[in-house]
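Here the structure comes first, spelled out in structure tokens, and everything after it is commentary.
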Amino acid sequence: MKLTKSYQGGHFMQVNIPTENNLLPDRYGKYADEADRYNGRPVVSFPFSISDVPAGTKTLAIRFIDHDSIPVAGFTWIHWTAVNIDPSITEFPADASRHHDFDMTQGKNSSAGHLVGETDPKSSQGYTGPTPPNSDHAYTLTVYALDTELPLHEGYWLNEFYHASEGHIIDSVSQDVISRK
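Take 1 as the starting number for the sequence shown in UniProt numbering and just add one per residue.
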């Protein structure tokens with residue numbers, strides 16, 4: 001499992017995703033029970049924790065993507081994006097994408113794109129779990145510490161996050177997690 005740390009301002013933020021046998025637990029991906037699916041897709045987000053959030057952080061943002069989808073879909077698959085999370089929130093319980101007691105603005109995942117064409121926000125926004133079709137895939141969770149709240153609304157696209165966050169990222173950390181075929 002690869003962990004990438006960004007060093008900015010003399011501080012290392014950290015993220016931890018619990019695994020089972022070095023894999024994302026089945027509940028959060030392709031082998032999720034029917035009760036943990038919506039429109040046939042896994043929707044229960046995995047738990048994770050953040051530590052050493054740098055001083056001066058006003059909000060957190062998260063991005064969960066799959067670069068191993070490129071040979072299959074032709075592009076990096078977006079599984080989850082969220083912004084404007086209070087930096088005191090350092091424990092994200094399972095299913096935080098659908099059931100959370102803190103504010104966060106969630107963006108579209110790749111199901112909303114033209115390839116899939118999903119229009120139901122319960123499927124096209126928030127978390128959609130890994131379902132690697134061809135082999136085990138490495139998924140990357142990145143947590144960003146930002147110096148401001150971003151002017152994004154529910155259903156934003158990842159590129160809008162990139163533009164809005166430019167010049168506002170204090171620190172970031174990424175962790176890869178494998179989900180099995």
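C-beta: ideal position from N, C-alpha, C; glycine also.
Within the stretch 128-158, the runs of beta strand (DSSP E) at least 3 residues long that lie entirely inside it are, in chain order, 137-146.
One Cα belongs to Pro25, the other to Asp103, and the distance between them is close to 26 Å.
The alpha-carbon of Gly126 is positioned some 19 Å away from that of Gln175. A direct Cα-to-Cα measurement between Ala112 and Ser123 gives close to 8 Å.
Using a C-beta cut-off of 8 Å, the stretch 15-32 makes contact with the stretch 45-53, since at least three inter-stretch Cβ pairs fall below that distance. In this structure Leu146 touches Lys58 by the C-beta definition: roughly 6 Å separates them, less than 8 Å. Apart from the 5 residues on each side of it in sequence, Leu115 sits with its Cβ closer than 7 Å to the Cβ of Ala73 in its chain, given in chain order. Secondary structure of Ala94 (DSSP, three-state): coil. One thing to note: Pro54 has its Cβ within 7 Å of the Cβ of Asp171. The alpha carbon of Tyr162 has as its nearest neighbour, out of Arg98, Pro132, Ala82, His67, the alpha carbon of Ala82. Every alpha helix (DSSP H) of 4 residues or more that sits fully in the stretch 11-74 is shown, in chain order, as 70-73.
Out of Ser97, Met13, His168, the CA that lies nearest to the CA of Asp36 is found in Ser97. Looking at the DSSP output, Asp176 bridges to Thr140. Counted as a single uninterrupted DSSP element, the alpha helix (DSSP H) harbouring Ser124 occupies residues 121-124.
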